[in-house]
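Here is the structure we will look at, set down as structure tokens.
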Amino acid sequence: IGFCLNRFLAMPRSRDRRKSRRAYFHAPSHIRRILMSTRLSRDQRAKYNVRSLPIRKDDEVRIKRGIFKGRDGKVICVYRKKWVVHVDRITREKANGAVVQIGLNASNLEIIRPKLDKHRREILERRNRAKGDDGKAGKITEKDVAMKDVD
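The numbering used here puts the first residue of the sequence shown at 7, with every later residue one more than the last.
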């Protein structure tokens with residue numbers, strides 16, 4: 007069974023639901039990092055021209071779905087093995103009195119302030135959609151159409 011994640015891996019993939027789910031749930035950690043990406047907030051998206059980023063520790067996030075909707079916090083742990091993200095102050099009390107973190111799905115979060123280090127800045131710079139083409143990526147212009155018939 008091959009696993010393909012758009013442009014990241016160029017291995018064969020299947021449309022079979024069973025095989026797709028198997029590939030997803032057996033994905034190695036470096037693939038889970040990409041699969042656990044989170045969208046950026048509207049102002050951050052405008053600032054960096056990037057729609058989403060793999061979530062990491064120390065990002066500040068807002069919860070968009072579930073019973074904790076609307077609450078903000080800092081990511082304290084990205085638990086790739088369990089597919090969950092732990093955010094500070096999102097806890098519950100167990101029957102024995104112990105306080106435990108509640109795991110949240112990365113798709114239900116929104117990054118409101120990313121933790122920027124050298125590598126994260128490089129990712130943002132590389133993925134900046136408006137960098138070279140003034141936001142016209144993939145747009146076909148009249149000039150392109152005219153050049154098609156040159157041969």
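All C-beta atoms in this analysis are idealised placements derived from N, C-alpha and C, irrespective of residue type, glycine included. For clarity, every value in this text was computed on a predicted model and none was experimentally measured.
- In the structure shown, L115 adopts extended strand secondary structure according to DSSP, grouped into three states.
- Rounded to whole angstroms, R132 and L46 show a C-alpha spacing of 16 Å.
- The secondary-structure analysis by DSSP pairs V84 across a beta bridge with V91.
- Boundaries around S35 are those of the alpha helix (DSSP H), 35-41, since no beta strand (DSSP E) includes it.
- Taking 8 Å as the upper bound for CB-CB distance, K80 and V90 are not in contact here, some 16 Å apart.
- Looking at the backbone, the Cα of A112 and that of R19 are separated by about 24 Å.
- DSSP places L130 within a helical segment (H, G or I) once states are collapsed to three.
- For S58, the enclosing beta strand (DSSP E) covers residues 58-60.
- Look at the beta carbons and you see the stretch 28-46 touching the stretch 115-133: at least three pairs across the two are nearer than 8 Å.
- In terms of CA proximity to L59, E128 leads the group R24, K149, E128, V156.
- In the three-state reduction of the DSSP assignment, V67 falls in the strand class.
- For R38, same chain residues with a beta-carbon under 6 Å away, outside a window of 5 residues either side, are R86 in chain order.
- According to the DSSP assignment, V105 belongs to the beta strand (DSSP E) that extends over 105-110.
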